[in-house]
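Since the structure comes first, as structure tokens, the remarks are kept for the end.
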Amino acid sequence: MKFLEVISSFSSLIAIVSAVPASLPITKRAALDDFIAGQTSIAANGVLANIGSMGARSYGASKGLTLASPSKSDPDYFYTWTRDSALVFKALVDRFIDTGDTNLQLEINNYISAQANLQTVAGPTGGLSDGLGLGEPKFLPNGSAFYGLWGRPQRDGPALRATAMVAYGRWLLDNNYKSAATDIVWPIIKNDLAYVTQYWNQTAFDLWEETLGSSFFTTAVQYRALVEGSGFASSIGKSCDDCDSQAPQVLCFLQTFWNGEYVVSNINGEGEIKRSGKDAASILASLHVYDSDAGCDDATFQPCSPRALSNHKAVVDSFRGFYAINNGIANGSAVAVGRYTEDIYFNGNPWYLTTLAAAEQLYYALHQVDSAGSITITSVSLPFWRSLYPSAAPGTYKSNTGTYSSLANAMRTYADGFISIVQKYTPSSGALAEQFDKSTGAPLSAAHLTWSYASFLTAVAARDYVIPASWNAGTPKVPSTCSASPAKGSYAAATNTAWPDFPCNTATSVIVTFNVLASTSPNQNTYVVGSIPELGGWDAGKGVKLGADRYTQDSPLWYGSVTLDAGTRFEFKYVKTDASGGIVWEKGQGEGGTANRVYVVPKGCEASVALKDWFTS
Ligand SMILES: *[C@@H]1O[C@H](CO)[C@@H](O)[C@H](O)[C@H]1NC(C)=O
Ligand SMILES: *[C@@H]1O[C@H](CO)[C@@H](O)[C@H](O)[C@H]1NC(C)=O
Ligand SMILES: *[C@@H]1O[C@H](CO)[C@@H](O)[C@H](O)[C@H]1NC(C)=O
């Protein structure tokens, strides 16, 4: 009996575009490279598995909607979040543009179509007519409103969704699909931009959904959305005047989070926010405003900016010696990174995505200084550089100098260190949960967190200098005095989701997921057994054992996946077995109940398919 792990059908297409400086000792580097190569395909599959309706772990999620995690209890993440989905799809759009994997494009189109509908779903924060409903953070996985108590509104989601869609919109334009960009994608973006221009100056819950106030992360991604949204509008012959009027005000406000040493991640809290303000959300913000053409601009907190490097040190150092698993790690070496030290969620632990973000910022920073041809150390960034390279001194070091090489190598070694920490605490299956235990390093909280997998993909892409497109951040001028005169937006449902027929690569192998509702007793297992060797050749003992980690009384789900050649025709049945050798075959199908189930693996563009069956008793 074997449970076949889903095999990546596209990981071999990942492009390693350019040579990058390498400074780890060769053997260590090789071990890390091997881990990254294997983990990349696991992460890519991990993301796709959580996307409805064909993903291997997505049973219950509608087409184009992404589960935060398939976990339904302790914690229950069986919802789709606007923020998480947007971050994940931004990563998939960049990956599609890099690899040309047309299966990803199908997922992207489905995502966009699903968001057009989701924007119109009225829920507890309101509806579309005045934009309020766009601040709803999460929905049921079938796209219906979620009415439970929650930290709402959250205002980063619309901005991040606009950014993800602009990234795809640019590809459409560059590839002569202007009407898809204009008629399908733009109306959705336009609503999200209107939301930002209207509500950016009101408080909301932060990305961790805990703090009501103004969040640096939210403000940063809002600024980006306005700038690139306006640029995208121009490129399709439209305009976003409100984006243009609001962006400088948002940028001005963004500066107020800087305290001279680090970013105070949450301000304007109702009641006192009893925290230092050091929060990995600021590192995430730096990634999500990254622009390869913006240099080390402080105003937009670019990854290599003195501010962002000083902030990186402050945030990372706050976790030094703070978690037991970080004990004994020398200053200047990577440690496990959590959200913020006052965190009490699951008792406060490091997260995979924040540890990966610490690496990703530094890889982008390296790329930026590499493009600039020099490293400039200022009084603000000096402590950061000194912690990596004790003799660092203020000045500008051209890329042909020894000092530059030493600094860049030290930074790269430091960045790789964060990936090594993730490697150390990733189980051999490669599964990425949300957190890992601060004392034992064991995975914790939601299993298969989509955002954890996406973070892995973006961090290692950054390591290989696979760089997302510029959003024309430029080196903006910050107004000398801040003002706030938000613009009232106008909103309309985006109704066109008629995608053109894009050329696609026919999938040669397909991940086939079997989902079957089968009530079983505690000592029983469920298998899928069929006519082909992959399904045991009708030998009940050699079929594919299904998993029951989402089995409930109401939804007795057993599920599992096999990768099969497109076009394969097979017959099969579900079978229950017990420890003492008892075997219960399901009854036959069709009239008289004699026939086996029959399935032909589709020979099309999609690289995954999911069956939804009931055990026939
Ligand atoms: C979505 O699921 C909920 C809860 O299971 C259900 O009440 C609702 O009717 C469903 N909505 C749709 C559109 O199917
Ligand atoms: C609104 O903007 C003004 C000017 O930047 C700022 O002082 C204020 O804190 C902002 N309030 C919120 C809630 O964003
Ligand atoms: C790291 O630096 C801090 C502050 O500079 C110092 O107190 C601490 O002892 C150092 N830790 C190690 C392990 O060297």
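For the sequence shown, the residue numbers in mature numbering (1 follows the signal peptide of the UniProt record, and there is no 0) are -19 to -1, 1 to 598.
Glycine included, every Cβ here is placed at the ideal spot set by N, Cα and C.
Quick one: what's got a C-beta closer than 7 Å to residue i's C-beta in the same chain, skipping five residues either side?
i: residue 457; result: 232, 280, 281
i: residue -6; result: Because the pLDDT of residue -6 is 36, which lies under 50, any placement of that residue in the model is unreliable, and the question is left without a value.
i: residue -1; result: Its pLDDT being 46, under 50, residue -1 is placed unreliably by the model, and the measurement read from it follows with that caveat. Nothing listed; no residue qualifies.
i: residue 604; result: Past the edges of the chain, shown from -19 to 598, lies residue 604, and the structure says nothing about it.
i: residue -12; result: Because residue -12 sits at a pLDDT of 33, beneath the cut-off of 50, its placement in the model cannot be relied upon, and the following sentence gives the value as read from the coordinates. Counting only Cβ-Cβ distances below 7 Å, and skipping sequence neighbours, we find 22, 25, 26.
i: residue 578; result: 552, 553, 554, 570
i: residue 584; result: 487, 547, 548
i: residue 498; result: 536, 537, 538, 595, 596
i: residue 366; result: 358, 373, 388
i: residue -9; result: For residue -9, the predicted structure reports a pLDDT of 34, less than 50, and the residue's modelled location is therefore unreliable. A value from the coordinates is still provided. Counting only Cβ-Cβ distances below 7 Å, and skipping sequence neighbours, we find 21, 22, 25.
Is any heavy atom of ligand 2 found at a distance shorter than 7 Å from the C-beta of residue i?
i: residue 182; result: yes
i: residue 224; result: no
i: residue 365; result: no
i: residue 463; result: yes
i: residue 233; result: yes
i: residue 292; result: no
i: residue 249; result: yes
i: residue 286; result: no
i: residue 466; result: no
i: residue 195; result: yes
So residue i and residue j are supposed to be a Cβ contact under 8 Å. How far apart are they, rounded?
i: residue 362; j: residue 290; result: 5 Å
i: residue 454; j: residue 173; result: Wrong, their Cβ atoms sit about 19 Å apart, outside the cutoff.
i: residue 527; j: residue 582; result: Actually they are not in contact, since the Cβ atoms of residue 527 and residue 582 sit about 18 Å apart, beyond 8 Å.
i: residue 122; j: residue 43; result: 7 Å
i: residue 452; j: residue 205; result: 6 Å
i: residue 604; j: residue 350; result: Residue coverage of the chain in this structure runs from -19 to 598, which leaves residue 604 outside it and unanswerable.
i: residue 229; j: residue 467; result: Contact flag wrong, Cβ pair sits at about 13 Å.
i: residue 332; j: residue 65; result: With 8 Å as the limit, residue 332 and residue 65 do not qualify as a contact, their Cβ atoms being about 13 Å apart.
i: residue 213; j: residue 170; result: 7 Å
i: residue 416; j: residue 327; result: 6 Å
Nearest CA to the CA of residue i: which residue from the options?
i: residue 430; options: 9, 250, 25; result: 25
i: residue 190; options: 369, 136, 128, 522; result: 136
i: residue 523; options: 213, 152, 553, 31; result: 553
i: residue 590; options: 550, 558, 598, 542; result: 542
i: residue 86; options: 485, 34, 529; result: 485
i: residue 394; options: 383, 384, 369; result: 369
i: residue 89; options: 337, 186, 77, 549; result: 77
i: residue 436; options: 335, 348, 162, 355; result: 335
i: residue 139; options: 450, 202, 184; result: 202
i: residue 510; options: 397, 540, 346; result: 540
i: residue 360; options: 167, 83, 184, 288; result: 288
i: residue 306; options: 284, 322, 330, 312; result: 330
i: residue 593; options: 185, 36, 355; result: 36
i: residue 515; options: 353, 152, 494, 391; result: 494
i: residue 320; options: 310, 312, 339; result: 339
i: residue 54; options: 530, 286, 257; result: 530
i: residue 316; options: 134, 337, 323; result: 337
Give me, in chain order, the residues of the same chain whose beta-carbon lies closer than 6 Å to that of residue i; leave out the 5 immediate sequence neighbours on both sides.
i: residue 103; result: 114
i: residue -16; result: At residue -16 the pLDDT is 31, less than 50, meaning the model places this residue with poor confidence and gives no usable figure here.
i: residue 92; result: 45, 70
i: residue 211; result: 221, 224, 225
i: residue 164; result: 477
i: residue 560; result: 504
Mind checking whether the beta-carbon of residue i lies closer than 7 Å to any heavy atom of ligand 1?
i: residue 94; result: no
i: residue 123; result: yes
Enumerate in chain order the residues of its own chain whose CB-to-CB distance from residue i is below 8 Å, with the five nearest sequence positions on each side excluded.
i: residue 575; result: 569
i: residue 564; result: 521, 556, 557, 558
i: residue 471; result: 175
i: residue 95; result: 43, 44, 45, 46, 124
i: residue 512; result: 518, 519, 551, 552, 553, 577
i: residue 314; result: 395, 398
i: residue 496; result: 40, 538, 539, 540, 591, 592, 593, 594
i: residue 153; result: 159, 161, 162, 166
i: residue 141; result: 63, 64, 67, 68, 71, 202, 206, 269
i: residue 249; result: 184, 194, 195
Practice task
Evaluate the contact criterion for the stretch 401 to 411 versus the stretch 445 to 454: three or more CB pairs, one atom per stretch, below 8 Å.
Solution key: no
Exercise for the section: Answer yes if the stretch 258 to 268 comes into contact with the stretch 196 to 209, meaning at least three C-beta pairs across the two stretches below 8 Å, and no otherwise. Expected result: yes
Practice task
Could you tell me whether the stretch 176 to 186 touches the stretch 474 to 490, where touching means 3 or more Cβ pairs closer than 8 Å?
Solution key: no
Problem - Stretch pair the stretch 462 to 479 + the stretch 376 to 396: three plus CB contacts closer than 8 Å - result: no
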